[in-house]
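In our numbering, the protein residues as written are 1 to 163. Even glycine gets a Cβ: it sits at the ideal position worked out from N, Cα and C. Computed from a predicted structure; not experimentally measured. The block underneath contains the structure these notes are about, expressed in structure tokens.
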Amino acid sequence: MAQDYSFDVVSQFDRQELVNAVNQAQREITTRYDFKDTGASIDLGEDEITLEGPSDFKLKAMVDVLQSKFVKRQLSLKILKPGPIEPAAKGAVRQKLALQEGIDDELARSLVKQIKQISPKVQPRIQGDLIRVSSREKDLLQQVIQALKADESPVPLQFINYR
1 MAQDYSFDVV SQFDRQELVN AVNQAQREIT TRYDFKDTGA SIDLGEDEIT
51 LEGPSDFKLK AMVDVLQSKF VKRQLSLKIL KPGPIEPAAK GAVRQKLALQ
101 EGIDDELARS LVKQIKQISP KVQPRIQGDL IRVSSREKDL LQQVIQALKA
151 DESPVPLQFI NYR
């Protein structure tokens with residue numbers, strides 16, 4: 001009997017690297033001259049990052065600092081989903097950045113459709129927030145991985161459990 005090979009397509013991030021990136025950004029903001037005594041802060045919640053600053057301009061600078069720390073820590077910027085800038089207390093402004101993890105049903109269906117177009121001989125299956133792709137040939141699986149890496153997805157994709 002021939003052996004089936006498979007891999008999983010997931011969208012996840014390293015939580016510890018996220019904590020480190022947020023801590024580094026917070027430390028830089030507290031020590032930078034242009035942010036001294038402004039009350040600017042970055043808070044990490046369970047599934048969102050809250051930025052609070054004295055003005056829109058400072059808030060955008062804080063987002064830039066946070067994004068640079070994400071890049072240095074090899075975290076994809078696609079995991080951040082920025083919310084609207086809203087007023088806060090004492091004339092300050094606040095913005096919440098939602099953290100995206102997992103593949104939602106709509107995206108999973110479109111990825112399955114795309115995988116079937118790439119190679120009709122592979123079998124993609126949606127299993128919760130991951131997609132298991134299996135085939136009898138390793139070459140077809142590698143072809144699917146390369147095509148998905150080349151395509152722009154709204155969430156960062158990782159390929160795990162390749163066997």
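Proximal residues to residue i (C-beta, below 7 Å), its chain only, five neighbours per side dropped
{"i": "ALA92", "result": "GLY39, GLU52, GLY53, PRO54"}
{"i": "LEU59", "result": "LEU51, GLY53, ILE85, VAL93, GLN95"}
Reduced DSSP category for residue i - H, G, I as helix; E, B as strand; rest coil
{"i": "TYR162", "result": "coil"}
{"i": "LYS149", "result": "helix"}
{"i": "ARG27", "result": "helix"}
{"i": "PHE7", "result": "strand"}
{"i": "GLY39", "result": "coil"}
{"i": "ALA21", "result": "helix"}
{"i": "LEU130", "result": "strand"}
{"i": "MET1", "result": "Confidence at MET1 is low in this model, with a pLDDT of 38, below 50, so the placement of that residue should be treated as unreliable; the coordinate-derived value is given next. Here MET1 sits in coil by DSSP."}
{"i": "GLU86", "result": "strand"}
{"i": "VAL75", "result": "According to the sequence displayed, residue 75 carries Leu and not Val. Correct three-state label for LEU75: coil."}
Closest Cα partner of residue i within the set the options
{"i": "TYR162", "options": "VAL22, LYS138, GLN146, ALA147", "result": "LYS138"}
{"i": "ALA98", "options": "LYS116, VAL112, VAL63", "result": "VAL63"}
{"i": "SER119", "options": "SER135, SER110, GLN26", "result": "SER135"}
{"i": "ASP43", "options": "ASP56, VAL22, THR30, LEU141", "result": "VAL22"}
{"i": "GLU28", "options": "THR50, LYS96, VAL65, PRO156", "result": "VAL65"}
{"i": "ASP105", "options": "LEU59, LYS78, LYS60, VAL155", "result": "VAL155"}
Cutoff 6 Å; reference residue i; Cβ partners in own chain excluding five residues on either side
{"i": "ARG94", "result": "GLU52, GLU86, ALA88"}
{"i": "PRO124", "result": "VAL112, ILE115, ILE131, VAL133"}
{"i": "ARG32", "result": "none"}
{"i": "LEU140", "result": "SER119, LYS121, VAL122"}
{"i": "ASP129", "result": "GLY102, ILE103"}
{"i": "LYS96", "result": "GLU48, THR50, GLY83"}
{"i": "SER41", "result": "GLU52"}
Whole-angstrom distance between residue j and residue i, CA atom to CA atom
{"i": "VAL10", "j": "ASN20", "result": "22 Å"}
{"i": "ALA147", "j": "LYS81", "result": "25 Å"}
{"i": "ILE145", "j": "PHE159", "result": "8 Å"}
{"i": "ASN70", "j": "ALA150", "result": "Correcting the residue identity first, residue 70 is Phe in this sequence and not Asn. So the alpha carbons of these two residues sit roughly 21 Å apart."}
{"i": "THR50", "j": "GLN143", "result": "40 Å"}
{"i": "GLN127", "j": "ASP47", "result": "22 Å"}
{"i": "LEU109", "j": "SER153", "result": "Contrary to the premise, residue 109 reads as Arg rather than Leu in this sequence. Rounded to the nearest angstrom, the two C-alpha atoms are 13 Å apart."}
{"i": "THR8", "j": "GLN100", "result": "First, the residue type needs correcting, since residue 8 is Asp and not Thr in the sequence shown. Their backbone Cα atoms lie some 18 Å apart in a straight line."}
{"i": "THR165", "j": "ASP4", "result": "Outside the shown range of the chain (1 to 163) lies residue 165, about which nothing can therefore be said."}
{"i": "ASP34", "j": "LEU107", "result": "41 Å"}
{"i": "ALA25", "j": "LEU77", "result": "14 Å"}
{"i": "ARG73", "j": "ILE79", "result": "13 Å"}
{"i": "GLN67", "j": "ASP56", "result": "16 Å"}
Beta-ladder partner(s) of residue i, from DSSP
{"i": "LEU44", "result": "ILE49"}
Proximal residues to residue i (C-beta, below 8 Å), its chain only, five neighbours per side dropped
{"i": "LEU75", "result": "PHE13, ASP14, GLU17, LEU18, ALA21"}
Residue i at chain B interface by Cβ criterion, 7 Å
{"i": "ALA40", "result": "As a matter of chain content, chain B is missing from the structure shown, which is built from one protein chain."}
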